[in-house]
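So the sequence lines, in the order shown, correspond to chains A and B. Sequential numbering of the first sequence, starting at 1, is according to full-length UniProt numbering. Sequential numbering of the second sequence, starting at 1, is according to full-length UniProt numbering. Note that CB positions come from ideal geometry on N, CA and C, so glycine has one too. What follows is a single structure, written as structure tokens, with notes after it.
2 protein chains.
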Amino acid sequence: MTDKSPAAGKPIRTAITSEDGIDFALIELFFFAYRDFTSDPDQILADYGFGRAHHRVLHFVNRRPGLTVAELLDVLKITKQSLARVLKQLIDTDHVVQLQGPRDRRQRELYPTAKGRALALALARPQSRRIRAALEDSGATERTLVERFLEAMVNPELRAQIDVGSAKMSGKSHGEH
Amino acid sequence: MTDKSPAAGKPIRTAITSEDGIDFALIELFFFAYRDFTSDPDQILADYGFGRAHHRVLHFVNRRPGLTVAELLDVLKITKQSLARVLKQLIDTDHVVQLQGPRDRRQRELYPTAKGRALALALARPQSRRIRAALEDSGATERTLVERFLEAMVNPELRAQIDVGSAKMSGKSHGEH
DNA sequence: AAATTACGTCAATAGTACTGACATAATCTC
DNA sequence: GAGATTATGTCAGTACTATTGACGTAATTT
């Protein structure tokens, strides 16, 4: 099982480089950066028996209170079944509450409770700290450039979902879609 | 099941903002950006019956040919058992070969085959394209700043694993750890 | 000779995701 | 009002990635 099996190809001993103009350095950095970025909240979540999926739901429910289930599914790009368990747990533990939609009574508007708001903040705090430190360490306080870069990394069709202004979630979230 | 259950907290109707100086905009952008960044290779991988784990292994085996299993585990920060299945599949499908370590015959040096190299390139191509486009779209071709920012996002202890120079993987990888 | 190391493997479990199907209530359309 | 559609919830089954713990084997080190 060690050496090559009969039909195995020959080993390539040279490292892949920036041949074909492929930016391996940034690809790798993005991987490492995201891994560590998510590791901070992961540790806190473990204390609650929650995972990353809970974090994401909690985040968006706090960012856009009154979100409907359908809107949340659209933002997260997951299926109803994937959301179900996670959302149920957040409701059962009193982090999120559902209210019947005022216009359409079939809809369930999702709101954080004080408990849910507190947890969302606790999860975001180390992430924000890491971002701030990284912005400072990377020389200029060029927040704008980093923001524009990350935004440009997102699929164009999906940029609409993003609230870049960091606090303009009127109309767009529980508006008529 | 709709409205509030007995002990449920009251809904908070205001969106979480940049209170406490938390950078929600960048937190969200990082999430969206990484999601779309990984979606490109995910589609290709599906054709092979592979997942993201296969991609990561393939990537690092191509970036540092001759990596041992232990080194790979250290870079990926996963357990031996998680790696086992994925690595076995890559070997069985002739994307990766194992050679007995020359100095230490217990070690298994991992090398890509031509097939494995080709797949690694195919997976990296759309990611690199997305990065290049994002750099261009974000105004200046400030690759350096983005690179420094991402690097600063990584835990300091782990920055050693990263080859920022994009092609200086001598000594560092299969050296004495 | 004994301890340690590198690797492989088995068993059991968890978290997140998927597809497909079906049920209910509310709204919209004709 | 009847029928279609929509929003949500739920059930069953599956897949992928990850975990911990235990054990075995071969090679190296002490």
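>> Please report the straight-line C-alpha distance between Gly21 of chain B and Arg129 of chain A, rounded to a whole angstrom.
In response: For Gly21 of chain B and Arg129 of chain A, the distance between alpha carbons rounds to 9 Å.
> How about Lys115 of chain A: is its C-beta nearer than 8 Å to some C-beta of chain B?
Replying inline: It does: the Cβ of Lys115 of chain A has a partner Cβ on chain B nearer than 8 Å.
>> Please classify Gln98 of chain A as buried or exposed, where buried requires at least 16 neighbouring CB atoms within 10 angstroms.
In response: buried
> In whole angstroms, what separates the C-alpha of Phe60 of chain A from that of Glu136 of chain A?
Replying inline: Per the coordinates, the alpha-carbon of Phe60 of chain A lies some 27 Å from the alpha-carbon of Glu136 of chain A.
> Cα separation between Phe30 of chain B and Leu150 of chain A?
Replying inline: Computed Cα separation, rounded: 6 Å.
> In whole angstroms, what separates the C-alpha of Glu157 of chain B from that of Arg103 of chain A?
Replying inline: 53 Å
> With 16 other CB atoms within 10 Å as the buried threshold, where does Arg56 of chain A fall?
Replying inline: buried
>> Determine whether the beta carbon atoms of Lys94 of chain A and Lys77 of chain A lie at a separation below 8 Å.
In response: Checking the sequence, you will find Asp at residue 94 of chain A rather than Lys. Contact: no.
>> Please report the distance separating the alpha-carbon of Leu147 of chain A from that of Leu26 of chain B.
In response: Correcting the residue identity first, residue 147 of chain A is Glu in this sequence and not Leu. Each residue's Cα considered, the two are about 6 Å apart.
> Whose C-beta lies closer than 6 Å to the C-beta of Lys168 of chain A among residues of the same chain, with five residues either side of it excluded?
Replying inline: Note that Lys168 of chain A has pLDDT 38, beneath the 50 cutoff, so the model's placement of it is unreliable and the number below is only indicative. Counting only Cβ-Cβ distances below 6 Å, and skipping sequence neighbours, we find nothing.
> Between which two residues does the beta strand (DSSP E) harbouring Arg108 of chain A extend?
Replying inline: Arg108 to Pro112
>> So with CB distances below 8 Å, who are the chain A contacts of Ile78 of chain B?
In response: Under the 8 Å cutoff, chain A gives no residues; its nearest Cβ is about 10 Å from Ile78 of chain B.
> Nearest-angstrom Cα distance between Met153 of chain A and Ala134 of chain B?
Replying inline: 5 Å
> So which residues on chain A does Val146 of chain B lean against when the C-beta distance must stay under 8 Å?
Replying inline: Leu26, Leu145, Val146 and Phe149
> For the beta strand (DSSP E) that contains Leu158 of chain A, what are its first and last residues?
Replying inline: Membership of Leu158 of chain A in any beta strand (DSSP E) is not indicated, and neither H nor E is assigned to it by DSSP.
>> For residue 180 of chain A and Ser39 of chain A, what's the separation of their Cα atoms in angstroms?
In response: Examination of residue 180 of chain A is not possible in this model, given that chain A is present from 1 through 177 alone.
>> Measuring only the C-alpha atoms, how far is residue 178 of chain B from Leu58 of chain B?
In response: The structure shown has nothing for residue 178 of chain B, since chain B only spans 1 to 177.
>> Considering only their Cβ atoms, is the gap separating Ala124 of chain B from Phe24 of chain A smaller than 8 Å?
In response: yes
> For Tyr111 of chain A, which residues in chain B fall below 8 Å Cβ to Cβ?
Replying inline: Pro11, Ile12 and Arg13
> Any beta-carbon of chain A closer than 8 Å to the one on Ala53 of chain B?
Replying inline: With respect to chain A, the C-beta atom of Ala53 of chain B has no partner C-beta closer than 8 Å.
> Helix or strand or just coil, what does DSSP make of Thr38 of chain A?
Replying inline: helix
> Under 8 Å between C-beta atoms, does Ala134 of chain A make it to chain B?
Replying inline: yes
>> Between B:Ala84, B:Gln89, B:Thr68 and B:Phe37, which has its C-alpha nearest Gly49 of chain B's C-alpha?
In response: B:Gln89
>> Can you list, in chain order, the residues of its chain with a C-beta nearer than 6 Å to that of Pro65 of chain B? Leave out the 5 residues immediately preceding and following it.
In response: Tyr111
> Out of curiosity, what's the CA-to-CA distance linking Val86 of chain B and Val69 of chain B?
Replying inline: 12 Å
>> Rounding to the nearest angstrom, what Cα-Cα distance links Thr14 of chain B and Leu67 of chain A in this structure?
In response: 12 Å
> If we count the other Cβ atoms within 10 Å of its Cβ and call it buried at 16 or more, is Arg52 of chain A buried or exposed?
Replying inline: exposed
>> Just checking: is the beta-carbon of Tyr48 of chain A within a distance shorter than 8 Å of some beta-carbon in chain B?
In response: no
>> Contact criterion: CB-CB distance below 8 Å. Does Arg63 of chain A meet it with respect to chain B?
In response: yes
> Taking 8 Å as the CB-CB limit, is Ser138 of chain A close to chain B?
Replying inline: Judged by the 8 Å Cβ criterion, Ser138 of chain A is in contact with chain B.
> Where does Thr144 of chain B fall in DSSP's three states?
Replying inline: helix
> Thinking C-beta only, is Glu142 of chain A closer than 8 Å to Leu145 of chain B?
Replying inline: yes
> Just how far apart, CA to CA, sit Glu19 of chain A and Ala118 of chain B?
Replying inline: 12 Å
> Residues bridged to Leu99 of chain B by DSSP?
Replying inline: B:Glu109
>> To the nearest angstrom, how far is the alpha carbon of Val96 of chain A from that of Glu28 of chain A?
In response: 36 Å
> Are Ala120 of chain A and Ile44 of chain A close, meaning C-beta to C-beta below 8 Å?
Replying inline: Their beta carbons are not under 8 Å apart, which means Ala120 of chain A does not touch Ile44 of chain A by this criterion.
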